[in-house]
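This report concerns only the one structure given below.
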Amino acid sequence: MHFVLRRLGFYLLAFWVSITLNFLLPRFMPGDPVSRMFARSQSRMTPEQILQLRQLFGVDDRPLWQQYLDYLGNVFTGEMGVSISRFPTPVVEVIAGQIGWTLLLGGTALLIAVVVGNLLGILAAWRRGGFLDSMLPPVLVFVGSFPYFWLAMGALYLFGVSFGWFPLRHAFSAGSSPAWTGEFVSDVALHLVLPAVTIVVVSIGGWMLAMRNTMIATNAEDYIVMAEAKGLRPGRIMFRYAARNAMLPAVTSFGMSLGFVVGGALLTEVVFAYPGVGYQLLAAVQGLDYPLMQGIFLTITAAVLIVNFLVDIVYVRLDPRVRVS
Amino acid sequence: MSVTESTSASLGAPSGVGSRPTPNARPDLASDASPPPGPAGRPAPRRGLLRSLFRNRKATVGVGILLLFGALALLAPLLAPGDPMVITDAGSQAPSAEHLLGTTAKGQDVLALTLWGARSSLAVGLLVGLAATLVGVTVGLAAAYFGKVTDDFLSLVTNVFLLLPGLPLLVVLAAFLPPGTGTVIVVLIVTGWAGAARVLRSLALSIRAKDFVAAATVTGEGPGWIMFREILPNMASIVMSTFLGVVIFGIGSQAGLEFLGLGDISVVSWGTNLYWASNDGALMVGAWWAFLPSGLCIALVAFALALLNYAVDEVTNPRLRVPRRRRAGVRAPGGGTAVSGAAEAVTGPAGANGHGAAPVLEVRDLTVEYRSENRTVVGADRVSFTIGEGEVFGLAGESGCGKSTVAHAIMRLLREPAVITGGSVRFCGRDVLAMPDDELRSHRWRDVAMVFQSAMNSLNPVMTIGDQIVDVFTTHERVSRTEARRRAGDLLELVKIERSRLRAYPHQLSGGMRQRVVIAMAVALRPRLLIMDEPTTALDVVVQQEIMSQIADLRRELGFAVLFITHDMSLMIELSDRMAVMYGGRFVESAPAATILAEPRHPYTRALMNAFPPLTGPRTELRGLAEGVRFTGIGDLVEVAGGHWVAPHDEPHDQEVPA
Amino acid sequence: MSATTDHAPGRAGIADPATPVVQIRGLVKDFPVGGLLSSATFRALGGIDLDVRRGEIMALVGESGSGKSTIARCLARLEQPTSGTLLVDGVDVLKTEPRRASRAYRAKVQMVFQDPFGSLNPAHRVEHFLTRALRLHRRTASDAALRSRLAELMDTVDLDRAMLDAYPHELSGGQRQRVAIARALAVEPEVILADEPTSMLDVSVRIGILNLMRRLRDERGISVLYITHDLAAARYVADRTTVMFAGEVVEAGESTALMADPAHPYTRLLLSAVPDPRRAGTFDPVERAALRAQVLGATTCPYGADEQCRDDAPVQHVVAPGWTVRCHRFRPQAEVARRALDVAGTASA
């Protein structure tokens, strides 16, 4: 319990840092993004909205500490201004409409990559010198060296444009509206294939190699030799003794690498015009929509921190040594 | 490096007979002459990281690709067909003789763009890598130097930055800064340093805790010297792999940022090439050549860096290298039994077990080799002995002498690169080396069980000890889990541990208790032979005494035979009926324990005995082996008295001199 | 216990041969346990008094966790004592150089570590270790002098001079430990703290290291604080032995006498547990079982059932000249009488 509370404190701190970063950026960065932004869209705004944005970005005459406290208050009440590129929708609403798609794409891809990658790593380390151990890693390292978005473009060109097997863009066909019907679900699944496979293919090598290397270290442990001496069946030794222990560092690194995977997923969304927050982020960049950019950054940060916290809770279940009595 | 022999070469010239050994006195540099300590392998080579890398194929390929791209980038002005920025009306042309890689929608030459793009991409990657690694090294050394509070703070900042999702942070930062390549570099360093710092901080702290740092302090070295001359040189390989990792991150993230249009889109780089290709809709018109080269280049460079990184890992941790497929631990089929048949002429102390009954274990001419690519080292060399019913047989020797190799071979637990190349192991007449896998599995633990040196390491840290004992029952017998659990509880009580401890994890028990759990587990199936490989070495003497007397009690109750392995001669003589002394994979002496105590014959046996001075009587000066003394060419044992077998040797001149 | 006079801070002590070279008084060391905000501590040393005389080997024996290495690390100034005084050559060093040890102090007190695989930096050659020690302490004037000094050091520790060019990983454990000893000797110290110098070595070369320590004492008058868990080795090499248990000194005296008839039950237990086939049957198994049962459950005193130890610290008794014990169970009068009878018996026999 002590461990979990300490981690919670740490994540709150990390979140506070990212909020503060968000607060400081527009106020202390050279250049004047705010006036650029206003120049573009001031004419459409109500005076009220302008005032709110001015306060969010520090173009007002309150003292800095006052601004900071108000800013913190705004963030925690979900008050992040209106989006400029999707004027006049509030930022919170824009994100709420799209986070679901990102979770679907990122979650599916991450789950597949982690499960398959770790399984491959376990098997490779168990049968040293076999195909999985000798041939697959270099191939996966090579594939993993491609930028996410480039592979996405390749897949889109090959399987979308040339062969026409998969749809080119968006998360569902134009004209169909979201509903829990078999037709719509399979449509969504079909749209999911290319972007998800891209993410899986690029990221799976990292999971596999990390698992393989920890498994190799674990296999040299005395308790594995002991398990063999006990006459246990190989499958039981591999999973219950070796993989069960090798998993622990994998779980820790899962949280650490989450940020990278999210980044890759965002770029993939851009290529497939997948209607998640990544695609919206690009739109925000192009439309000089600073409130939306900041909102997306905070949302993704919060999501990553929450997942990390969940991972910690799982870790405590997995490793009895951190369960402080 | 040349080292002259420290003492005169040999005491007696080998007089024709091969069995005449020469206590050859030469300094034993490196562990070359002694067999490897075990399946775990040797420590990583410290020197010659670059030289080892040179021989690594992955590294050669990686460096080759990197050199190629480096040359292309440097020579871009010479190699590129014209100015990449020149816009012509020959847009979207497929590769042709005129434009080897085709043209973009704006009519720019793709080859020229790709070559010029290498300059910006590689330069940014390199800069980001250097800067982030520098920050990482600084954080690491600062944490190690200032310690506690500074370290806590640095570690907190590092971890927070590491958690913030990279790309969104990059985007937000880049959006607020004035666009340009400088911005991209700064932003990449800001988001990339934490990964490097995390690795290098924990590395620096672990080196800081090493004894050689304390030793330098005691010698009188100042903090600056310790940081830069003691700690830093030992970080080299990790600093290198961290640097490579950050360069990969830098090149990839730069491309990602520029692809989103967040860099300076007027600069030619692989990322902006892809931005323009995507912006111009190259894909939709099927102009694959516009985006293929730049992406491929990024991938190739990242791949080369990853290969190099991987090679550094392999050189520092040789275990990761992919071994050639070979069935470990068992001799090549067909060859073996013939050898054991030929060995029937008794040439050792084999027949002489003091009990007369049929032997439980019969090891004959057992030979184990450690085979690596370059050389073969003999781990056990024609070792023969028997253990009678209920007998305690001791195997004494120092680390690397092959005693653990023998123990592992008996249960066929040897792994790569150890291979049994000859001899036989018979358990109650059954040929253990010829057993098929499933028979071997049921033989293990039911007939022969083993207690390993370190109880901490031989228990699975994430399973309760109850589950680990239950595993034994459910694997070998048809019992329900409740029944297995009940019997597991009985076992714990047998070694005087409360039943309730079944639910405990290994880390919740003391060292002595853990070893008792392992012993309980070992006798679970009432095996006829228990192998104990240094069972108490890691324990304090009072706990050791406790464990040994418990084993004696169990033996009285259950009547199993013991193969007892230790380097502690006093302990061995107290406990064993008969014993053998092993050196360099060979037996040098074998006799009843009391005989060894009364009249050790071989100089090596005497040196071992002398390492344990008596606790009573007058203090006399004892002699061990002089530094660097080695025995070579040890011959077969010869019986010098009833049941007392000794390898032929020269009478040494100065092994034991009364003070 | 001994006549310690106050020295003016900063004034070097007079090397009076009668003054012990190291005097430790009331040494306490607490280690913080728990996290960042926790103020909990673990007391590793609970007020140690210990002397190391000139030209003697003093063995400090105890089981792991008894605090014996902590004493050495405090003396080597690798740990900052919580309280207490360290007198070296009669100078109260925690007063004269409270933060970091001076070079002059380092020149007097050297240390040899347990693990020769960890105590030599793998990045340097053997020559480097010795040269640095010689240079830092200005023990050589010219290059020629340096070379002859290096050769001399290698000879002292019985190593081939050609090994000066070797890297640590090219040497065996025993050879490395000899290099570590040579490094300590290079600064010509008065005391060497040897922290389990043989426990990581192959058994056949251990006695050689112990003999080297004896030789340094006999030929150069170097004092050694020899930390070990091995009573037999302590008896073999040390003039006097101090026994520690749970951060306290329980018994101290001349090695052979102490081990022939220990006065403290813990020392008796420790001794009884050491396997020694030559004195098989010396210890009554019933007594050993009883001792064992009492020790295994105890964390402070083997006679944990004896509440007295917890409430007030036992007084130190003198068993014989130069032999002390701290135990409530010790009955001075009866013991002195018994021992006197023993001595008389031996003399008449």
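Chains as they are written, first to last, in numbering that gives the first Met the number 0: chain W, 0 to 324; chain A, 0 to 658; chain Z, 0 to 348.
Think of the CB as a built atom: it goes at the ideal place given N, C-alpha and C, for glycine as much as any other residue.
This one's a predicted model, so the numbers in the text were calculated from it and none came from an experiment.
- The DSSP-derived three-state label of residue 586 (chain A) is strand.
- Taking all protein chains in view, the Cβ of residue 305 (chain W) is surrounded by fewer than 16 other Cβ atoms within 10 Å, so the residue is classified as exposed.
- Per DSSP, the beta-bridge partners of residue 47 (chain Z) are Z:26.
- Residue nearest to residue 374 (chain A) within the set A:619, A:94, A:251, A:417 is A:417 (criterion: CA-CA distance).
- Excluding five sequence positions before and after residue 208 (chain Z), the CB atoms of its chain that fall closer than 8 Å to its own CB belong to 173, 176, 177, 180, 196, 197, 200, given in chain order.
- Contact fails between the region 275-292 of chain W and the region 148-160 of chain W, because fewer than three Cβ pairs, one in each stretch, are under 8 Å apart.
- The Cβ atoms of residue 170 (chain W) and residue 100 (chain W) lie closer than 8 Å to each other.
- At a beta-carbon threshold of 7 Å, none of the residues of chain Z lie near residue 52 (chain A); the nearest stands roughly 17 Å away.
- For residue 188 (chain A), DSSP records no beta bridge to any residue.
- Within a 10 Å sphere around the beta-carbon of residue 64 (chain W) sit fewer than 16 other beta-carbons, which makes this residue exposed.
- The closest CA to that of residue 292 (chain A), considering only A:97, A:101, A:607, is found on A:101.
- A distance below 8 Å between beta-carbons, with the five flanking residues on each side excluded, links residue 208 (chain W) to the following residues of its chain, in chain order: 120, 136, 139, 140.
- In the DSSP assignment, residue 449 (chain A) is bridged to A:530.
- Apart from sequence neighbours up to five positions away, the residues of its chain that approach residue 639 (chain A) with a beta-carbon distance below 7 Å are 600, 645, ordered along the chain.
- Beta-bridge analysis with DSSP links residue 42 (chain Z) to Z:29.
- Bounds of the alpha helix (DSSP H) holding residue 438 (chain A) are 436-442.
- The C-beta distance from residue 584 (chain A) to residue 359 (chain A) rounds to 23 Å, too long to meet the 8 Å contact threshold.
- In this structure, the beta-carbon distance from residue 186 (chain Z) to residue 113 (chain Z) does not fall below 8 Å.
- Contact between the region 506-514 of chain A and the region 454-474 of chain A is established, with three or more Cβ pairs separated by less than 8 Å.
- For residue 155 (chain Z) against residue 184 (chain Z), the beta-carbon gap comes to about 6 Å, under 8 Å, which counts as contact.
- When only Cα atoms are considered, residue 587 (chain A) and residue 393 (chain A) end up about 13 Å apart.
- Within a 10 Å sphere around the beta-carbon of residue 242 (chain W) sit 16 or more other beta-carbons, which makes this residue buried.
- In this model, residue 621 (chain A) and residue 149 (chain Z) are separated by some 28 Å (Cα to Cα).
- Taking a beta-carbon distance threshold of 8 Å, residue 623 (chain A) counts as an interface residue toward chain Z.
- C-alpha of residue 508 (chain A) to C-alpha of residue 105 (chain Z): approximately 41 Å in a straight line.
- Around the Cβ of residue 56 (chain A), a 10 Å sphere holds fewer than 16 other Cβ atoms; the residue is exposed.
- The C-alpha of residue 85 (chain Z) is placed about 17 Å away from the C-alpha of residue 247 (chain Z).
- Interface criterion not met: the Cβ of residue 369 (chain A) is under 8 Å from no Cβ in chain W.
- DSSP places residue 380 (chain A) within a strand segment (E or B) once states are collapsed to three.
- Listed along the chain, the chain W residues whose CB falls inside 7 Å of the CB of residue 578 (chain A) amount to none; the nearest CB is some 23 Å away.
- With contact defined as three or more Cβ pairs closer than 8 Å, the region 120-133 of chain A and the region 306-320 of chain A are not in contact.
- Of the residues assessed, residue 148 (chain A) falls on the exposed side of the cut-off, its CB having fewer than 16 other CB atoms within 10 angstroms.
- Between residue 244 (chain W) and residue 267 (chain W), the gap from beta carbon to beta carbon reaches 8 Å or more.
- Here residue 60 (chain W) is exposed, its C-beta having fewer than 16 other C-beta atoms within 10 Å.
- Close partners of residue 211 (chain A) in chain Z (Cβ separation under 7 Å): 117, 118, 119, 120.
- Residues of chain A with a Cβ closer than 8 Å to the Cβ of residue 299 (chain W) are, in chain order, 164, 167.
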